[in-house]
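See structure below.
Numbering (the working numbering), first residue to last: 533 to 922.
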């Protein structure tokens, strides 16, 4: 996996045609090969998650619906049957490598609504931290045209940025981006690297069509714009052969899209650019010292909270004298924050009735002002409280 060595968290998107053959069903050998690739990535210490299409295609085969266009209710019924088989197949194939699979079904609203977005991100992070591998798909059983992504390229880009992946791999029927449709011009120039998604790159994608045409690139370019702007690199490569990720790692043919920074710096750019905040969190000197050293903000160092903020809102971080030192995404709403301010993290469950996050604001969700980073405090109380945060 040499070519992928620098990446730590990888999202892999798999299209339906790679995984399911209509009307014959699951491509078992191909699935086993991609799971072997995933096992190799995980053995290198990487986090891996998969956005897997195929539920409706699996359901078509199971219900004998053929290739005819389906009504909405038929698609939802096919998804209901296909999702069970798809999840079982992933669980079995990954289990051969002692990897536990976890199923996540999302709709557009789950990544657009702030609270549901945070819940989904936390669940996926927890699965990864426990060594499991999330298998994610759009919840086609309940999604309608008004509340769905409709394309797993877009879903994959949103998932990748949501969980801070530094690479998104789009496995496709095509091996990358061409300057012209290769179906009409076999000598079309292949684009191996895209430093930035420009109007010229968009023009190469053309209009909507099948994946084998230039138009099949449209949603992939859209996905690339979302991913790269959030600091996630993206690569498009063919998934037709077995062990497609191993082939990519061994310098297989692909188009690479360069990220704008990395996921953490991209998120912090967004946080620092928010002009309006929903509240104020006032911290003591010890907490400030801890933030200077790169720690997260724990409830123990908070003196006061103000405003009407909800979990996921941007709040200002201030010292006791009123000096603003930064801002960040808060992990609790105002009522919960009021209950746990000043307490140790192990007291959170007792005070709230459930085990929440140990941090009020995680260091990856926080931006300090330059003057805060340069400030030094040496009083004994600050030093002691900073140690409590360590």
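Every residue, glycine too, gets a C-beta built ideally from N, C-alpha and C.
To the nearest whole angstrom, what separates the beta carbons of residue 590 and residue 617, a pair I think is in contact under 8 Å? 5 Å
Give me the Cα-Cα distance between residue 634 and residue 560, rounded to the nearest whole angstrom. 19 Å
Strictly by DSSP, which residues pair up with residue 786? 769
In three-state terms, what does DSSP make of residue 900? strand
Beta bridge counterpart(s) of residue 661 as assigned by DSSP: Paired residue(s): none; residue 661 is not in a bridge.
If contacts are defined as beta-carbon pairs under 8 Å, then residue 812 and residue 843 qualify, I think. What distance do you get, rounded to the angstrom? With 8 Å as the limit, residue 812 and residue 843 do not qualify as a contact, their Cβ atoms being about 16 Å apart.
Cβ neighbours of residue 765 in the same chain (closer than 8 Å, five flanking residues each side left out): In chain order, 539, 698, 699, 700, 759, 788, 789, 790, 791 place their CB closer than 8 Å to the CB of residue 765, counting only its own chain and leaving out the 5 sequence neighbours on each side.
How would you label residue 611, buried or exposed, when you count the other beta carbons within 10 angstroms and need 16 or more for buried? With 16 or more other Cβ atoms within 10 Å, it is buried.
Given residue 585 as reference, the closest of 570, 684, 801 once Cα atoms are compared: The shortest C-alpha separation from residue 585 is found at 684.
Given this structure, state the Cα-to-Cα distance separating residue 556 from residue 587, to the nearest angstrom. 14 Å
To the nearest angstrom, how far is it from the Cα of residue 912 to the Cα of residue 864? Interpretation of residue 912 is limited by its pLDDT of 37, a score under 50 that renders its predicted location unreliable; no figure is taken from the coordinates.
Hey, out of 689, 564, 569, 871, whose CA is closest to residue 885's CA? 871
Determine, using beta-carbon pairs with one atom in the stretch 767-784 and one in the stretch 701-712, whether at least three such pairs fall under 8 Å. The stretch 767-784 makes contact with the stretch 701-712: 3 or more CB pairs, one atom from each, lie closer than 8 Å.
Where does residue 627 fall in DSSP's three states? helix
What did DSSP end up calling residue 850 once you bin it into helix, strand or coil? strand
State yes or no: is the C-beta of residue 781 within less than 8 Å of the C-beta of residue 541? no
List the whole-angstrom C-beta distance separating residue 892 from residue 823, where the pair is believed to meet the contact cut-off of C-beta under 8 Å. Not quite, the Cβ-Cβ distance comes to about 11 Å (not below 8 Å), so this is no contact.
Span of the beta strand (DSSP E), counted from its first residue to its last, around residue 674: That residue, residue 674, is in no beta strand (DSSP E); it is neither H nor E in DSSP.
Since residue 643 is in the alpha helix (DSSP H), which residue starts that stretch and which ends it? 640-644
Looking only at DSSP bridge pairs, what is residue 579 linked to? 541
Inter-residue Cα distance where the pair is residue 901 and residue 803: 12 Å
Spatial neighbours of residue 797 within its chain, please: C-beta separation below 8 Å, excluding the five flanking residues on both sides. Same-chain partners within the cutoff: 763.
Please classify residue 577 as buried or exposed, where buried requires at least 16 other C-beta atoms within 10 Å of its C-beta. exposed
Under 8 Å, do residue 637 and residue 671 count as touching if we go by C-beta distance? yes
DSSP-derived helix/strand/coil call for residue 720: Residue state, collapsed to three classes: coil.
Residue 665: buried (16+ other C-beta within 10 angstroms of its C-beta) or exposed? Within a 10 Å sphere around the beta-carbon of residue 665 sit 16 or more other beta-carbons, which makes this residue buried.
Rounded separation between residue 605 and residue 728 - CA only: Straight-line Cα distance between these residues: approximately 40 Å.
Would you grab the beta carbon distance between residue 896 and residue 801 for me? Rounded to a whole angstrom, and I think it's under 8 Å. The pair is not a contact, with the Cβ atoms about 13 Å apart (cut-off 8 Å).
Considering only DSSP beta bridges, list what residue 666 is partnered with. 634
Return the Cβ separation of residue 778 and residue 569 in integer angstroms, given the expectation that the two are a contact with Cβ distance under 8 Å. 5 Å
Per the DSSP calculation, residue 813 is bridged to which residue(s)? 837, 849
Around the C-beta of residue 646, are 16 or more other C-beta atoms found within 10 angstroms, so that it is buried, or is it exposed? If you draw a 10 Å sphere on the C-beta of residue 646, you find fewer than 16 other C-beta atoms in it, and that means exposed.
Quick test of your reading: residue 850 and residue 814, contact by CB under 8 Å. State the CB separation rounded to the nearest angstrom. Residue 850 to residue 814, Cβ: 5 Å. Contact.
I want to check one thing, is the minimum distance from the CB of residue 760 to the heavy atoms of the ligand SAH below 7 Å? As presented, the structure is devoid of all ligands, the ligand SAH included, so that no description of it is given.
Determine the closest residue to residue 807 out of 827, 753, 722, 859, with distance taken between C-alpha atoms. 859
Given a cut-off of 8 Å, decide if residue 562 and residue 550 are closer than it, judged by their beta-carbon atoms. yes
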